[in-house]
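To keep things clear, I will list the structure first and then write my remarks on it.
Chains as they are written, first to last, in this note's numbering: chain A, 7 to 20; chain B, 196 to 452.
What follows is the structure in structure tokens.
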């Protein structure tokens, strides 16, 4: 099963 | 104080129905340019971004920026009490801890006031960079909803691929496989039935169907949906809200182990 990425890996927390 | 009067109150009802199962609590950020909302689901895999511009309201006033902390299930309960044709007005005082929803029937013979408690929410805003997506597909929103629903009965994840010919959705599960291709189609009578593909580079990404399915609860907001994809970036699923702004969903892709 492919692993689910997390959004914080793409977008910086501001 | 903040006050926004929305002639087409059903829009707000539809927005709540579209996001209340994905996000529990969120701030509605009110400013003189409108209402904005950004929130992630509890697993931080999907993000909702809403914009309702002041110009889409019949009357809009916001004296100073306010973050109205709202439980979406509770707001949905309140808005369900508004008729589909009702005018909805949102009101909040600068230092208050409540928001008032006023519903006016179209012929003004019934006026209802519902007051809801606000909550303090620490918002986790994400900085979403402006991106030139490799592929942008606009297609009928009902068609996208149907495809995602159909594939969900077969598999858990979908591979979405875009080439200059069109967009494909593939899945597989215990019972077998499915592959649906929608070709670019601009020769239809109604613009809303068109499928258009803008592509710089072919792209193929894998997403959890559970989330895509959840996003399609926004189908009632717009006859068309726009899917923006780039390699190794979250997909953007956008429903434009006529004259007001948009409801966008971002979903992180899955990666092969």
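Note that the Cβ used here is the ideal one computed from N, Cα and C, for glycine as well.
- Closest in alpha carbon position to residue 315 of chain B, among B:276, B:327, B:444 and B:294, is B:294.
- Using a Cβ-Cβ cut-off of 7 Å, residue 404 of chain B does not count as an interface residue toward chain A, since no Cβ of chain A sits closer than that to its own.
- By alpha-carbon distance to residue 388 of chain B, the top candidate from B:368, B:420, B:258 and B:197 is B:420.
- In the three-state reduction of the DSSP assignment, residue 240 of chain B falls in the coil class, being assigned neither a helical nor a strand state.
- Residue contact check for residue 426 of chain B against chain A: no CB pair falls below 7 Å.
- Just measuring C-alpha positions, the residue of B:337, B:364, B:226 and B:360 sitting nearest residue 349 of chain B is B:364.
- Beta-carbon to beta-carbon, residue 313 of chain B and residue 280 of chain B are separated by about 27 Å, too far to satisfy the 8 Å threshold.
- By the Cβ neighbour-count rule, residue 303 of chain B is exposed, with fewer than 16 other Cβ atoms within 10 Å of its own.
- Rounded to whole angstroms, the separation of the alpha carbons of residue 373 of chain B and residue 257 of chain B is 50 Å.
- Taking C-beta atoms under 8 Å as the contact rule, residue 9 of chain A and residue 449 of chain B qualify, at a distance of about 6 Å.
- Bounds of the beta strand (DSSP E) holding residue 224 of chain B are 220-226.
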